[in-house]
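Novice: Going by the working numbering, the sequence shown opens with residue 1, and the numbers climb by one from there. All C-beta atoms in this analysis are idealised placements derived from N, C-alpha and C, irrespective of residue type, glycine included. Right, I'll just put the structure down here and ask away after.
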Amino acid sequence: MQGRLHSIETMGLVDGPGIRTIFFLQGCPLRCAYCHNPDSQNMFSQKHISPEEVLKTASKYKAYYNRTGGGVTFSGGEPLLQGEFLVETLKLLKENGFNTAIDTSGYGDSKYYDDILKYTDVVLLDIKHFDSPGYKALTGKPMNGFYEFASKLDSFKGKVWIRHVMVPGLTDNETAINKLFHEIAPLAHIIEKIEVLPYHKMGLEKYEKLGMTYTMADVEEMNEDKAKYYENLLNSMLLEEKEEVLARKNII
């Protein structure tokens, strides 16, 4: 079995806990207006990798994972599109003692979701927008695909990191933040943290090289301090929700 591969990053520090090796898989069903890896969207790839090759690559860095609580992350593109490959690879990694994570928009091949989550320790869930019209406008796809995956997380045994790219004039306000929290509140018991990622234009040059139009060229980059403010606000709301859930359990 072979997976479609875009690239590999070793010694990654942001896509999950600890030091990690990140396998970026090729292909994505979404066309996010701010995507900074448009070259990973195409479903075709000249590079392929087997589960055994993933294990061999990851094993080179296992000492670093063990010292830092790290492991292996699958990103993209959209890793959930390659469900069969992902299940086999995650299973092999878990059998060999690796911490596993997937960085996903929650849009993929739903028949594999249960098995994928069975072999996953951390889900990094990227929430693009909080209502159907906004989601469709930003990604080109309806929101029901995201909800189908999110519904599976209610019984997930691992941890979830919520991620949101904050775009000036679109989601950089408290109304949007409240909508975001409303969407994720039912999962508060498994959410470890929330990350607000400031919108940037670092992928602009890739669009030019690919001859693609970057529709957000006129949108200013997100102020990092403002993004951090909303990130702190969301994590405070998360803590309050966790405390309320715990209090309700104690009453019962």
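Taking 8 Å as the threshold (C-beta atoms), are E220 and P168 in contact?
Specialist: yes
Novice: In three-state DSSP terms, what is L30?
Specialist: coil
Novice: Contact defined as beta carbons within less than 8 Å: I believe G76 pairs with C28. What is the distance between those atoms, to the nearest angstrom?
Specialist: 6 Å
Novice: What are the complete beta strand (DSSP E) segments, minimum 3 residues, inside the stretch 80-126?
Specialist: 100-104, 122-126
Novice: According to the neighbour-count rule (16 or more other Cβ atoms, all chains shown, within 10 Å of its Cβ), is H129 buried or exposed?
Specialist: buried
Novice: Taking contact to mean 3 or more Cβ pairs, one atom from each stretch, closer than 8 Å, check whether the stretch 149-157 and the stretch 132-141 are in contact.
Specialist: no
Novice: Classify T171 as helix, strand or coil using the three-state DSSP reduction.
Specialist: coil
Novice: Count the other CB atoms within 10 Å of the CB of D126; is the residue buried (16 or more) or exposed (fewer)?
Specialist: buried
Novice: Would the stretch 176-183 and the stretch 202-209 be scored as touching if the rule is three or more Cβ pairs under 8 Å?
Specialist: no
Novice: Mapping the DSSP letters down to three states, classify L25 as helix, strand or coil.
Specialist: Note: L25 maps to strand in three-state DSSP.
Novice: CB-CB under 6 Å to E9, same chain, minus the five flanking residues each way: which ones, in chain order?
Specialist: I22
Novice: Is it buried or exposed for D131, if we count other Cβ within 10 angstroms and need 16 for buried?
Specialist: exposed
Novice: With a floor of 4 residues, list each alpha helix (DSSP H) that falls wholly inside the stretch 170-238, ordered by position along the chain.
Specialist: 174-184, 204-210
Novice: Please report the Cβ distance between D172 and K118, rounded to the nearest whole angstrom; I am assuming they are in contact, meaning their Cβ atoms lie under 8 Å.
Specialist: Contact flag wrong, Cβ pair sits at about 37 Å.
Novice: Check whether the stretch 9-19 and the stretch 84-98 are in contact - that is, three or more C-beta pairs closer than 8 Å.
Specialist: no
Novice: So R190 and L153 are in contact, right, with Cβ under 8 Å, and what is the actual spacing, rounded?
Specialist: Before going on, a small fix: residue 190 reads as Ile here, not Arg. Right, the Cβ-Cβ distance comes to about 7 Å (below 8 Å), so this counts as a contact.
Novice: Using C-beta distances below 8 Å, list every residue in its chain close to M1, excluding the 5 sequence neighbours before and after it, in chain order.
Specialist: S50, P51, E84, F85, E88
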